[in-house]
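Here the structure is laid out as structure tokens; the discussion comes afterwards.
In the working numbering, the protein residues as written are 192 to 605.
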């Protein structure tokens, strides 16, 4: 299938035209487009560049690969990550305890993937509805959940509010940043959200991404790199309001900000921490291109350190593979221009990816057992955000293997 791309010239939140390129990661294939070796010749790559809107502070991609093309054959299944299952269990347990939705209230998960969030609710506690336009939604349907096979936008929200009623809880984790027409998405949330309902989003926080060098979260699915300042602009347009946030070190793409949002007229009090965050972002320089030029320079430096460490291991006779095949890992592999001559194979427990090769770098993907049997002694940990989990649970580590941790600090463990 040929993928299509278009280019934006205006900010997707405020509509301004003052966009400045702040980071160029080169031409790369979409990060979830794992492929069979026979399909390598037909692979496509597109510019992967972050641009800053100096009017509202939104960092964003302007080269847009069509969502329908990215999600048509989507191999990312959330529930293959035990750490992420545990993380989302905490989200749902906390939301039910804090906000106490009425028994039988509607709870909606936008971008429900294979049903990972829907499975976290106690049986019978809420009426559950998933929205998932990608091929992953079939696994949630097979588990017995009602799943709408469409992209979420204001028109769909109106139809759902009429057919299902309005929702006490709406979740969208690692989803909000994927949306090009983010205003229609946010307006749809307001339409579907009950008067006292809560919308919970989780996303890699821009300030943390820049300060802690999480540049691998940048890939074509992630159109926006979010912070409170641009989101304030967005929410004000559609009648929503952020009232609370939490930081978490575990998220689908790494450390994340969990933002709690309500209707603007809701009686929920805005916590002082939200006001403080607005001031902190302005002091940090959320709209200042110089802040991001420094980020780009540090990304180049950490690239060189990772490459030097891999070369050092190999010079000593070590054999290097990679551990985990997340989408963000492909940003790292392709920016570093690594391939099978550098990384022998990638270990992955998602059976849909095993037997394929990584996009762009074309490194073979094998199952965990095959990786263990390969004799590789050092693995570049592409799922570095789950380091603690893998140190405690990985058979590779238990059998004496070592991880090269690429971010946020380059090191070998244990």
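For each residue, glycine too, the CB sits at the ideal point set by N, CA and C.
When DSSP reads this structure, residue 433 sits in a beta bridge with 452. For residue 300, the enclosing beta strand (DSSP E) covers residues 297-301. Annotated as proximal: residue 514 and residue 570, with beta-carbon spacing under 7 Å. Ranked by Cα distance from residue 223, the first of 517, 418, 523, 554 is 517. Membership of residue 280 in the alpha helix (DSSP H) is indicated by the continuous run 273-290. Under the DSSP definition of a beta bridge, residue 416 partners with 250.
The beta-carbon distance between residue 465 and residue 426, rounded to whole angstroms, is 11 Å. This is too long to meet the 8 Å contact definition. Rounded to the nearest whole angstrom, the C-alpha separation of residue 476 and residue 522 is 26 Å. Shortest Cα-Cα distance from residue 395 to any of 449, 383, 343, 585 involves 449. Separation of the CB atoms of residue 434 and residue 456 is rounded to 12 Å, and the pair is thereby denied contact status at 8 Å. For residue 331, the CB contacts under 8 Å within the same chain, skipping 5 residues up- and downstream, are 303, 304, 305, 306, 309, 321, 323, 338 in chain order.
Under the DSSP assignment, residue 602 falls in the beta strand (DSSP E) whose first and last residues are 602-604.
When the beta-carbon positions are compared, residue 300 and residue 362 come within less than 7 Å of each other. Remark: C-beta atoms of residue 240 and residue 220 do not approach each other more closely than 7 Å. Counted as a single uninterrupted DSSP element, the beta strand (DSSP E) harbouring residue 243 occupies residues 237-244. When secondary structure is reduced to three states using DSSP, residue 401 falls in the helix class.
Secondary structure of residue 309 (DSSP, three-state): helix.
Look at residue 410 here: in three-state DSSP terms it is coil, with no helix or strand label.
With a cut-off of 8 Å on Cβ pairs, the segment 521-538 is in contact with the segment 494-501, counting three or more such pairs.
In this chain, the beta strand (DSSP E) harbouring residue 593 covers 593-596.
Straight through space, the alpha carbons of residue 589 and residue 286 are spaced by roughly 36 Å. The residue among 368, 358, 364 with its C-alpha nearest the C-alpha of residue 386 is 358. Taking a contact as a CB-CB distance under 8 Å, the pair residue 318 and residue 296 counts as one, their CB atoms being some 7 Å apart. Residue pairing by DSSP places residue 572 opposite 514 in a beta bridge.
In terms of Cβ geometry, residue 438 and residue 453 do not form a close pair [threshold 7 Å]. Cβ neighbours of residue 585 within its own chain (closer than 8 Å, five residues either side excluded): 514, 592. Cβ neighbours of residue 411 within its own chain (closer than 6 Å, five residues either side excluded): 221, 256. The secondary-structure analysis by DSSP pairs residue 447 across a beta bridge with 439. Beyond the five residues adjoining it in sequence on each side, residue 377 comes within less than 7 Å, by CB distance, of 425, 426, 429, 431 in the same chain, given in chain order.
In terms of Cβ geometry, residue 496 and residue 601 form a close pair [threshold 7 Å].
A buried status is given to residue 597, since no fewer than 16 other beta-carbon atoms sit within 10 Å of its beta-carbon.
The closest CA to that of residue 512, considering only 538, 542, 478, is found on 538. The three-state secondary structure of residue 211, taken from DSSP, is strand.
Leaving aside the five residues that flank residue 469 on each side, the residues in its chain whose CB is nearer than 8 Å to its CB run, in chain order, 419, 420, 423.
Going by DSSP, residue 394 is part of no alpha helix (DSSP H) but of the beta strand (DSSP E) stretching over 384-394. The three-state reading of DSSP puts residue 524 in helix, counting H, G and I together.
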